[in-house]
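The structure appears below as structure tokens.
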Amino acid sequence: MSTPSAAPGADRIDLLATFVRIVESGSLSAAAVQLGTTQPTVSRRLQTLERLFGLHLIKRSTHQMTLTEDGERCYAHARALVDDWDAIQADLRGDVDVPRGRLRVVVPHAFGQAQLLEPMLQFMARHPQVTLEWMLEDQPVDFIADGIDCAIRVGRVEEPQLVAVPLAEVPRIVIAAPSLLEAADPRDPTLLPGLPWIALTTFYRDRFTLLPADDGPALRVDIQPRLLTDNLFVARRAAVSGLGAAVVSAWLVGDDLRDGRLVQLVPGWEAPPLPVHLVYPAARQMPSRLLAFIDAMKASLPHTHGMRSWPMPSP
Numbered sequence: 003m004s005t006p007s008a009a010p011g012a013d014r015i016d017l018l019a020t021f022v023r024i025v026e027s028g029s030l031s032a033a034a035v036q037l038g039t040t041q042p043t044v045s046r047r048l049q050t051l052e053r054l055f056g057l058h059l060i061k062r063s064t065h066q067m068t069l070t071e072d073g074e075r076c077y078a079h080a081r082a083l084v085d086d087w088d089a090i091q092a093d094l095r096g097d098v099d100v101p102r103g104r105l106r107v108v109v110p111h112a113f114g115q116a117q118l119l120e121p122m123l124q125f126m127a128r129h130p131q132v133t134l135e136w137m138l139e140d141q142p143v144d145f146i147a148d149g150i151d152c153a154i155r156v157g158r159v160e161e162p163q164l165v166a167v168p169l170a171e172v173p174r175i176v177i178a179a180p181s182l183l184e185a186a187d188p189r190d191p192t193l194l195p196g197l198p199w200i201a202l203t204t205f206y207r208d209r210f211t212l213l214p215a216d217d218g219p220a221l222r223v224d225i226q227p228r229l230l231t232d233n234l235f236v237a238r239r240a241a242v243s244g245l246g247a248a249v250v251s252a253w254l255v256g257d258d259l260r261d262g263r264l265v266q267l268v269p270g271w272e273a274p275p276l277p278v279h280l281v282y283p284a285a286r287q288m289p290s291r292l293l294a295f296i297d298a299m300k301a302s303l304p305h306t307h308g309m310r311s312w313p314m315p316s317p
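Residues in the sequence shown are numbered from 3 upward in steps of one, following the working numbering.
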């Protein structure tokens, strides 16, 4: 069966670019305004693309427009192809490639609301032609199917198909409410196993390791948690209430330690720090908006409160 050809004068890249503009603007009429053409022209280009693929890409009703499952996949591929084409043109013409367009970024819930919010706002202020989708999600995403440009991950990155750019690391300390300790010495490591515990299931459940500042031997602590959660804010609130001790990111509890709602246990000991990476699928071409975002995160994250610079490799 032969593949239907595009209409005369309708370049396939133009068809895909029009489809991307329809999706990102939210309607045929808005896409027509942005492209400087008419709504019937945009509609014809969409129909031509659907005939070319033999698929329905968009479901339209009186009040809304939604992508079909095929349309979602087409959008992800079309975004990548259009970005590559724009980058090729800019490179060959020697154009100044100003960051512009839509950038879709996935960040962890707690980290994205707290630590990453200010760096994100600074990036937006510097690049007024970039539109950002800031998505809070703790689970791994399908970059291609979901049309994601990049994600920021806290913890190890194990997918070989992803490029992982190191940004910073998160120190982790042991904390508890003063009421939990009674007369016990918070500096005494032997008191840890006998305390009630709150476990962060993403990073530890029934044991954790502490490392001393003087590079001495590590200490393994076995626990039986009263509360298990995958949410940092829940763990912090439970610890402040006196439910149990916890190992948490230092940035999360800075105000609580200063105001006396929490105390640090075994000062001078820390759990192994968590690495923070920006990850994206390996690709031949990267749009300038993604390159600019990577540079912004590399510059700002190590200097954000409660973070540390990525350790330099030994010579």
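By construction, the Cβ of each residue, glycine as well, lies at the ideal position given by its N, Cα and C atoms.
Could you tell me if Glu52 is buried or exposed, where buried requires 16 or more neighbouring beta carbons within 10 angstroms of its beta carbon? For this step, residue 52 is matched to residue 50 along the sequence shown. It counts as buried.
Below 8 Å on the Cβ atoms is my guess for Pro101 versus Arg291; work out the distance and round it to an integer in Å. For the purposes of this step, residue 101 is taken as residue 99 along the sequence shown, with counting starting at 1. For the purposes of this step, residue 291 is taken as residue 289 along the sequence shown, with counting starting at 1. 4 Å between Cβ atoms; contact.
Using only CA atoms, which one of Arg238, Val242, Val249 and Thr204 lies nearest to Val223? Here residue 223 is taken as the residue at index 221 of the sequence shown, counted from 1. Val223 has its Cα closest to that of Val249, out of Arg238, Val242, Val249 and Thr204.
Excluding the 5 residues flanking Gly246 on each side, which residues of the same chain have their C-beta closer than 8 Å to its C-beta? Numbered from 1 along the sequence shown, position 244 holds the residue referred to as residue 246. Cβ within range, chain order: Ala178, Leu182, Leu197, Pro198, Trp199, Ile200, Pro227, Arg228, Leu229 and Ala240.
Among His307, Pro42, Leu293 and Leu280, whose alpha-carbon lies nearest the alpha-carbon of Val159? If you number the sequence shown from 1, residue 159 lands on position 157. Closest option to Val159, Cα to Cα, is Leu280.
Between the segment 69-82 and the segment 20-27, do three or more beta carbon pairs fall short of 8 Å? yes
Report the CB separation of Asp1 from Pro283 in whole angstroms; it is logged as a contact under 8 Å. Here the chain comprises residues numbered 3 to 317, so residue 1 is not present and cannot be evaluated.
Range covered by the alpha helix (DSSP H) that runs through Asp13: Position 11 of the sequence shown, counted from the start, is the residue given in the question as residue 13. Unbroken run through Asp13: none, as it is neither H nor E.
Please say whether Gly308 and Trp253 have beta carbons closer to each other than 9 Å? Here residue 253 corresponds to residue number 251 of the sequence shown, with the count starting at 1. Here residue 308 corresponds to residue number 306 of the sequence shown, with the count starting at 1. Yes, the Cβ-Cβ distance between Trp253 and Gly308 is below 9 Å.
Between which two residues does the alpha helix (DSSP H) holding Gly114 run? One-based indexing of the sequence shown puts residue 114 at position 112. Its alpha helix (DSSP H) spans residues His111 to Gln115.
Could you check where the alpha helix (DSSP H) with Ala273 kicks off and where it finishes? Position 271 of the sequence shown holds residue 273. It is not in any alpha helix (DSSP H) - Ala273 instead sits in the beta strand (DSSP E) that spans Trp271 to Pro283.
If you compare alpha carbons, which of Thr40, Arg81 and Ala215 is closest to Val147? Here residue 147 refers to the residue found at position 145 of the sequence shown. The residue you asked about is not Val; residue 147 is Ala in the sequence shown. Of Thr40, Arg81 and Ala215, the residue nearest in Cα terms is Arg81.
Is it right to say Ile60 is buried, meaning 16 or more other beta carbons lie within 10 angstroms of its own, or is it exposed? In the sequence shown, the residue the question calls residue 60 occupies position 58. Classification for Ile60: buried.
Can you give me the start and stop residues for the alpha helix (DSSP H) that Gln41 sits inside? Mapped onto the sequence shown, residue 41 falls at position 39. Looking at the DSSP string, the run of the alpha helix (DSSP H) that includes Gln41 is Gln41 to Phe55.
Report the residue from Gly244, Asp151, Phe235 and Val176 whose alpha carbon sits nearest the alpha carbon of Ile296. Translated into the one-based positions of the sequence shown, residue 296 becomes position 294. Of the candidates Gly244, Asp151, Phe235 and Val176, the one whose C-alpha sits nearest the C-alpha of Ile296 is Asp151.
With respect to the beta strand (DSSP E) encompassing Gln266, which residues constitute its N-terminal and C-terminal limits? Taking the first residue of the sequence shown as position 1, residue 266 is located at position 264. Gln266 -> beta strand (DSSP E) spans Val265 to Leu267.
Would you identify the three-state DSSP class for Ser302, choosing helix, strand or coil? Along the sequence shown, one-based indexing puts residue 302 at 300. Ser302: helix per DSSP, three-state reduction.
Report the residue from Asp13, Arg14 and Val44 whose alpha carbon sits nearest the alpha carbon of Ser27. Working through the sequence shown from its first residue, we reach residue 27 at position 25. Out of Asp13, Arg14 and Val44, Val44 has the C-alpha closest to the C-alpha of Ser27.
Looking at the secondary structure, which residues open and close the alpha helix (DSSP H) in which Met67 lies? For the purposes of this step, residue 67 is taken as the residue at position 65 of the sequence shown. Met67 -> not in any alpha helix (DSSP H); beta strand (DSSP E) instead, spanning Met67 to Leu69.
Considering only residues of the segment 169-209, which uninterrupted alpha helix (DSSP H) runs meet the minimum length of 4 residues and lie entirely inside it, listed in chain order? 180-183
Where do the ends of the alpha helix (DSSP H) carrying Pro121 lie? Walking along the sequence shown from the start, residue 121 turns up at place 119. Run containing Pro121: Leu119 to Arg128, per the alpha helix (DSSP H) assignment.
Would Arg189 pass as a contact of Leu267 if the rule is Cβ separation under 9 Å? Within the sequence shown, residue 189 is the residue found at index 187, counting from 1. Within the sequence shown, residue 267 is the residue found at index 265, counting from 1. Cβ atoms of Arg189 and Leu267: closer than 9 Å.
Enumerate in chain order the residues of its own chain whose CB-to-CB distance from Asp208 is below 8 Å, with the five nearest sequence positions on each side excluded. The residue labelled residue 208 in the question sits at position 206 within the sequence shown. Same-chain partners within the cutoff: Ala201, Asp224, Ile225, Gln226 and Pro227.
Backbone CA spacing between Leu164 and Leu293 [nearest angstrom]: Numbered from 1 along the sequence shown, position 162 holds the residue referred to as residue 164. Numbered from 1 along the sequence shown, position 291 holds the residue referred to as residue 293. For Leu164 and Leu293, the distance between alpha carbons rounds to 15 Å.
Can you tell me whether Ile90 is buried or exposed, with buried defined as 16 or more other CB within 10 angstroms of its CB? For the purposes of this step, residue 90 is identified with residue 88 of the sequence shown, where counting begins at 1. Ile90 comes out exposed.
Return the first residue and the last residue of the alpha helix (DSSP H) that Val242 is part of. Mapped onto the sequence shown, residue 242 falls at position 240. Element bounds for Val242: Leu234 to Val242.
According to DSSP, residues forming a beta bridge with Asp224: For the purposes of this step, residue 224 is taken as the residue at position 222 of the sequence shown. Answer by DSSP bridge pairing, in chain order: Arg209.
First and last residue of the uninterrupted beta strand (DSSP E) at Arg260: Locating residue 260 in the sequence shown gives position 258, counting from the first residue. Taken as a continuous stretch (DSSP letters only), Arg260 belongs to no beta strand (DSSP E), being part of the alpha helix (DSSP H) at Gly256 to Asp261.
Thinking Glu135 and Arg106 are a contact (beta carbons under 8 Å), I'd like their distance in whole angstroms, please. Working through the sequence shown from its first residue, we reach residue 135 at position 133. Working through the sequence shown from its first residue, we reach residue 106 at position 104. The Cβ separation is near 4 Å, so the contact holds.
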